[in-house]
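So the sequences go chain by chain: A and B. Counting from 1, position 51 in the first sequence corresponds to residue 51 in the working numbering; the numbering is continuous, with no gaps. Counting from 1, position 94 in the second sequence corresponds to residue 94 in the working numbering; the numbering is continuous, with no gaps. Quick notes on the structure that follows.
2 protein chains.
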Amino acid sequence: MADIKSGVNPLFLREEELRQGMELLFYAYRDFTDEADAMLVRYKLGRAHHRALYFVGRHPGISVSELLAILRITKQSLARVLNDLVRQGFITQTAGMSDRRRRHLELTPKGLDLERQITEKQRSRIARAYRQAGAEAVEGFRKVLLGIVNEHDRRLLQPPAGPERGAGERGGATLPTPKRP
Amino acid sequence: MADIKSGVNPLFLREEELRQGMELLFYAYRDFTDEADAMLVRYKLGRAHHRALYFVGRHPGISVSELLAILRITKQSLARVLNDLVRQGFITQTAGMSDRRRRHLELTPKGLDLERQITEKQRSRIARAYRQAGAEAVEGFRKVLLGIVNEHDRRLLQPPAGPERGAGERGGATLPTPKRP
DNA sequence: CATATAAGTCAACATGGCTGACATAAAATC
DNA sequence: GATTTTATGTCAGCCATGTTGACTTATATG
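Below is the structure:
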């Protein structure tokens, strides 16, 4: 049989390239999450708590259903962790003004603190990777990951503002964005 | 107070940039795995089965302990899914020749088939993202993800061979690599 | 021969998904 | 104003997949 893997077979390269990408995603995610997990045990919280905490911190005033849409879990699953976090004073719920059925979630100062602590190592891991890879690589990293995300959410994740080419400003669409740094 | 977020505060940009990276990783991984999960239910298998199947397919002849090192789970957890896969004829175990304590795992043709089916949509999702982003972005994607992976595994994940600058060849270090495509 | 290593197994437990069935309050609609 | 829809919460139970701890068996190695 012909040496099918000797350099120039585009099908093999393609397959290999794609598999490498898939694996890289697995390994990176594995190491990225391990980071926070270690911190979480100290607080007797799980990964699910962290995710809720993170996204509430990221989108102050987010509603329960919006949070559900991000996490893609059931109401019941979320309730479990959310109740923990509210009971322990990390998150507050306040009824909406225009629509009083809605519960707007926010981190308390204590919650903000906790979130920072847990995310800390993850942040610096990403920072290190960014630094080592360089700005251009970071751009590519974003571009590809964004392409992996489903189209709906991809749009919400604000296409990295190039030179302005429409009328209005660009930014996180439906979700409330952080008020101030 | 001064407009701390108006464009030029490097600290704010940095924080925002890092958070975007973290989220992108979350969203991409979420959508990437959903893809396979849907397929798995048809076969009454779980994500854990897929991971084992994938890495055995990727490293034919891999030993149990090597697989454990990749997945970072306990022997007992792996045993559960591995036994399922062996019983159902997707994976074979054969004792090593030099060291007969070792079990070398391989996919059966049936297992290979299954793996392909399950990974199919993931592969095409990555392919699409690669295509849209372009070769340069893909390079950056790899670079950054590799930087996120812990140093040990990073080395094994063969730094994308640049122009030769040492003596010997470069390649997957400890793990057995696919025999042929 | 003694010890270390690779693998397998049993048992029990925790986390975090899931479904189904309902309850309540408020908004939206007829 | 009555009815329906929506947003949220809750109870109960199930399943997949991770964990620890204890112990066995076979084989390699000192």
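Glycine included, each C-beta is placed from N, C-alpha and C at the ideal position. Since this is a predicted model, take the numbers as computed values, not measurements.
{"query": "Identity of the residue in A:GLU16, A:ALA28, A:LEU85 and A:HIS59 nearest A:GLY46 by Cα", "result": "A:LEU85"}
{"query": "8 angstroms contact criterion, which B:ARG123 and A:LEU18 should meet: CB distance rounded", "result": "5 angstroms"}
{"query": "The region 24-42 of chain A contacting the region 73-88 of chain A, beta-carbon criterion three pairs below 8 angstroms", "result": "no"}
{"query": "Cβ pair A:ILE118, A:LEU25 closer than 8 angstroms", "result": "no"}
{"query": "Residue-chain proximity (A:ARG123, chain B), Cβ-Cβ < 8 angstroms", "result": "yes"}
{"query": "Own chain residues within Cβ distance below 6 angstroms of B:ARG103, not counting five before or after", "result": "VAL64 and GLN93"}
{"query": "Presumed contact (8 angstroms Cβ cut-off) between B:ALA137 and A:GLY140, rounded CB distance", "result": "3 angstroms"}
{"query": "Local Cβ density within 10 Å of B:ALA52, reported as buried at 16 or more and exposed below that", "result": "buried"}
{"query": "Residue range of the unbroken alpha helix (DSSP H) whose run includes B:GLN122", "result": "109-133"}
{"query": "Under 8 angstroms by beta carbon: chain B residues contacting A:ASP31", "result": "ILE148, VAL149, ASN150 and ASP153"}
{"query": "DSSP-derived helix/strand/coil call for B:ILE148", "result": "helix"}
{"query": "Residues that B:GLU106 bridges to, as DSSP identifies them", "result": "B:THR92"}
{"query": "Best match in B:ILE73, B:LEU78 and B:GLY61 for proximity to B:PHE99 [C-alpha to C-alpha]", "result": "It is worth fixing the name first, because residue 99 of chain B is Asp in this sequence and not Phe. Per the Cα distances, B:GLY61."}
{"query": "For A:ILE73, the residue or residues it bridges with in DSSP", "result": "DSSP, once it has assigned bridges, lists no residue as partnering A:ILE73."}
{"query": "Neighbour-count burial assignment, A:GLN132, 16 or more Cβ in a 10 Å radius", "result": "exposed"}
{"query": "Nearest residue (CA-CA) to B:THR74, options B:TYR27, B:GLU120, B:ALA48 and B:TYR43", "result": "B:ALA48"}
{"query": "Contacts of A:VAL144 in chain B (Cβ-Cβ under 8 angstroms)", "result": "ALA129, TYR130, ALA133, ALA137, VAL138, GLY140 and PHE141"}
{"query": "Closer than 8 angstroms to chain A by CB, B:MET39", "result": "no"}
{"query": "Short Cβ contact (8 angstroms threshold) for B:TYR54 with B:GLU115", "result": "yes"}
{"query": "Per-residue DSSP class, three states only, for A:SER63", "result": "strand"}
{"query": "Distance between B:GLY57 and A:GLN20 (C-alpha atoms, nearest Å)", "result": "13 angstroms"}
{"query": "Pair within 8 angstroms by beta-carbon distance, B:LEU157 and B:VAL144", "result": "no"}
{"query": "Cutoff 6 angstroms; reference A:TYR43; Cβ partners in own chain excluding five residues on either side", "result": "none"}
{"query": "Own chain residues within Cβ distance below 8 angstroms of A:ASP113, not counting five before or after", "result": "none"}
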